[in-house]
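Asker: Numbered continuously in the working numbering, the sequence shown closes out at residue 695.
Glycine included, C-beta positions come from ideal geometry on N, C-alpha and C.
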Amino acid sequence: MRITHVQTALTLASIGLAGIIVASPPALGAAAEGTIAPVMSCEALAKADLTRQDAQITSTATATREGHAYCDVKGYISPVTQFEALLPLETWRGDYLQQGCGGLCGHVDVDLKDPSRTSGYQASYAPLMNGEMVVAADDEGHETASNGDGEWAKTDPELRLVFGYLSEHQLAQAAKALIRTFYGREPAYSYFSGVSDGGHEALVLAQRYPEDFNGIIAGAPANNWAALGGMFETWVAQTNRNAEGKQILTAEKLPALHAAVMAACANKQGVIEDPRACTFDPASIRCADGVDRQDCLTDEQVKMVRDEYRGPHDAQGRNLFDGGEPYGSEPAWSFWLVMPAADAAAPGDVYATLGIAYLNDMAFWSNPKTPYTVGSVPFTADMHQQLEQLGGIYNATDPDLDAFRAHGGKIIIYHSWADQAIPPFATLDYYRAVANQMGGYQAIQSFSRLYMVPGLYHCPCGQPVDGDPATTVQFMPQLVAWVEHGDAPGDIVLPVTAQSTGEHLTELTISPFDPLKPAPQNNGLNSNYDYIGASSDYRKGNALWCSWDGPTLACSPRS
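1. Tell me, which residues are paired with L630 by DSSP?
2. Short of 8 Å in beta carbon distance, which residues of its chain neighbour T489, apart from the five on each side in sequence? Order them along the chain.
3. Measuring CB to CB, does Y530 end up less than 7 Å from G300?
4. Classify V298 as buried or exposed, calling it buried when 16 or more other Cβ atoms lie within 10 Å of its own Cβ.
5. Taking C-beta to C-beta, are D333 and L341 nearer than 7 Å?
6. Per the DSSP calculation, F219 is bridged to which residue(s)?
7. In whole angstroms, what is the alpha-carbon distance linking S584 and G351?
8. Just list the residues that DSSP pairs K546 with in beta bridges.
9. By the 10 Å Cβ neighbour count, where 16 or more other Cβ atoms means buried, how is N378 classified, buried or exposed?
10. Determine the burial state of Q235: buried for a count of at least 16 other Cβ atoms within 10 Å of its Cβ, exposed for fewer.
11. Just confirm the distance between the C-beta atoms of G591 and G511, as a whole number of angstroms; I'd bet it's less than 8 Å.
12. Quick one: Cα of R229 to Cα of D534, how far?
13. Quick one: what's got a C-beta closer than 8 Å to Q437's C-beta in the same chain, skipping five residues either side?
14. Given this structure, state the Cα-to-Cα distance separating P161 from P323, to the nearest angstrom.
15. Where in the segment 351-380 do unbroken runs of the beta strand (DSSP E), each at least 3 residues long, occur, reported from the N-terminal end onward?
16. Identify, in the order they occur along the chain, each residue of the same chain with its Cβ nearer than 7 Å to the Cβ of G155, setting aside the five sequence neighbours on each side.
17. Once DSSP output is grouped into helix, strand and coil, what is the label at I731?
18. Does DSSP put Y567 in a helix, a strand or coil?
19. R454 lies in the alpha helix (DSSP H); which residues open and close that run?
20. Determine the direct distance from the alpha carbon of E639 to that of D497, and round the result to whole angstroms.
21. Is E444 buried or exposed, if buried means 16 or more other CB atoms sit within 10 Å of its CB?
22. How about S252 and S326: are their beta carbons less than 7 Å apart?
23. When DSSP builds the beta bridges, which residues end up paired with C682?
24. In whole angstroms, give me the CA-to-CA distance for R568 and Y665.
25. Which class does H551 belong to by DSSP, given the choice of helix, strand or coil?
26. So is A478 buried or exposed if we call it buried at 16+ other beta carbons inside 10 Å?
27. Using alpha carbons as the reference points, say which of A173, A363, C237 lies closest to I668.
28. What does DSSP give as the partner residues of Y667 in its beta bridges?
29. For Q657, count neighbouring Cβ atoms within 10 angstroms of its own Cβ and tell me buried if that reaches 16, exposed if not.
30. What are the complete beta strand (DSSP E) segments, minimum 3 residues, inside the segment 397-426?
31. Where does A606 fall in DSSP's three states?
32. Which residues mark the beginning and the end of the alpha helix (DSSP H) in which Y319 is found?
33. Find the nearest neighbour of F318 within the set V246, G267, L339, L225, judged by alpha-carbon distance.
34. Are the segment 445-454 and the segment 506-522 in contact at 8 Å, needing three or more beta carbon pairs?
35. Do the segment 459-467 and the segment 548-566 make contact, defined as three or more Cβ pairs closer than 8 Å?
36. Less than 6 Å between C-beta atoms, sequence neighbours within five positions excluded: which residues of the same chain meet that for A373?
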């Protein structure tokens, strides 16, 4: 089945129900002050016609979630994207929230506690918890048992497009049609919140579909997707693989490594404010006399750790991604980059499984005849260039947000300085490109903010804490205040929940970040990157748009 362009301007008549007059609501009970009542029953909503959104409702049911009553709607969008929407029966106050996904997605699980549904470290947002918002999410076009499963894309280019850039726009149109039908009106404001792949989705929406949402949160965005999946995610494992295919560094050594980094680079409060200013050399904790102990690194481990901090590069030293593991992220390497010594499958069972799935099933129109493994990925400029051929489908790196700004949209981008899964340097490169494209840092403050969070990891994901220091993140109140009341966010205070060293902290204040300020220049391993795609990846008009011409899929940039 083809993907067709959905229409965005629909009348109630075009999406109404056969035999139901939506202007005359049934007796559903009086709404509380300030709330908006449905104009029909949840049972009647099951008959809504969403064919103009290429969507179909498969079920509706009344449900209680977090103590509030909803019409729980499930359905699919052509060709096979599964979605769920929760429409409050008694407590809706007019806003819509769409939630992103993570990894390669493959699951639908609307979350009323975490606004992004994927971060694991976000504070709950009261209006969402209190049933005041319609909320929806989807599986990005496929259902999988594993986050690193790419089989769904192996022989289906259409599903690659759905994952790359179509799914969230399609869901936005379907969800808004549901809202118009069920409540007889448009949402007052529409918001999107996503982290990781959800942050990638967020930037896709701002770049490609600037009128879909009034406010967007893009957390830890996987924006430079092709290089991230093909180069970085595979590098972290191949770098930790010795001649016998076993781990060079195991998880048991991470505490000592992190302690050494914090001692060298953290301030008196125990915070690494910017890893680019850190000059820690792993050789400083080299094992004396070649004796391997838990509190030091062997020569082979020193090289491995240096390569992790530096990130993927070719034989000439040119970076194949926007950087490597940031200083301060070491505890979170466990289960992402390294495993305990007892794990015989490592490093083949770490984060690289997602990258290998990408290379074998998604990254090229013609899948490799010989599948890639952790040990066979070539880290060359040619490989980077090959990956960029489909980068225009998966990447979200176009710096031209002029249409989003003109529509009145507001976006908050944030990234963790200690993100072990998606190093923060690609976000810095992207936001710097936005500033350069759109008139400078002050000019883009009218609609955007970037916040860099010290110490925070990508997500807990098995870690006992969220970072060092560990903080609880919340940006929804600031975004809503900006969109609905014009209150632009300034400094944001995050509560500190744990730290390993330094003076006791109860909170951490983060300020809007200016990417045009000169970066620290030193001999640290997080400094002075020479990314091979710096000019090509972050340029206006780099996105591909694809459509079917008979049996052929044609892809090209838009002018």
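Answerer: Short version:
1. Answer is L644.
2. Answer for T489: G284, listed in chain order.
3. Going by C-beta atoms, Y530 is nearer than 7 Å to G300.
4. When all chains shown are included, V298 counts as buried.
5. L341 is positioned such that its CB atom lies no closer than 7 Å to that of D333.
6. Looking at the DSSP assignment, F219 forms a beta bridge with G211, D274.
7. Roughly 10 Å between the two C-alpha positions.
8. Answer by DSSP bridge pairing, in chain order: G351.
9. Result: exposed.
10. Result: buried.
11. 33 Å between Cβ atoms; not a contact.
12. Across the structure, R229 and D534 are spaced so that their CA atoms are roughly 34 Å apart.
13. So the list reads I384, L385, K389, P418, once near-sequence residues are dropped.
14. In this prediction, P161 scores a pLDDT of 38, lower than 50, which makes its location untrustworthy; the coordinate-derived value is nonetheless stated afterwards. Between P161 and P323, the C-alpha separation is close to 18 Å.
15. Runs of the beta strand (DSSP E) inside the segment 351-380: 351-355.
16. Note that G155 scores a pLDDT of 31, beneath 50, so its modelled location is shaky; the value from the coordinates is reported in the next line. In its own chain, leaving out the 5 sequence neighbours on each side, no residue places its CB closer than 7 Å to the CB of G155.
17. Coverage of the chain is limited to positions 137 through 695, which leaves residue 731 absent and any answer about it impossible.
18. Y567 falls in the helix class under three-state DSSP.
19. Element bounds for R454: n/a, residue is neither H nor E.
20. Here the C-alpha atom of D497 lies approximately 48 Å from the C-alpha atom of E639.
21. The C-beta of E444 has 16 or more other C-beta atoms within 10 Å across all chains shown, which makes the residue buried.
22. S326 sits away from S252, with the two beta carbons spaced by 7 Å or more.
23. Paired residue(s): C691.
24. Cα-Cα distance, rounded: 15 Å.
25. Reduced to three states, the DSSP call for H551 is strand.
26. It counts as exposed.
27. When each option's Cα is compared against that of I668, the closest is A363.
28. Answer is N455.
29. Burial call: exposed.
30. Here no run is fully enclosed.
31. Three-state DSSP puts A606 in a strand.
32. Under the DSSP assignment, Y319 falls in the alpha helix (DSSP H) whose first and last residues are 303-319.
33. When V246, G267, L339, L225 are compared, the shortest CA-CA separation from F318 is found for L225.
34. Here the segment 445-454 makes contact with the segment 506-522; the two share three or more CB pairs at distances below 8 Å.
35. The segment 459-467 is in contact with the segment 548-566.
36. For A373, the CB contacts under 6 Å within the same chain, skipping 5 residues up- and downstream, are P483, V486, A488, V510 in chain order.
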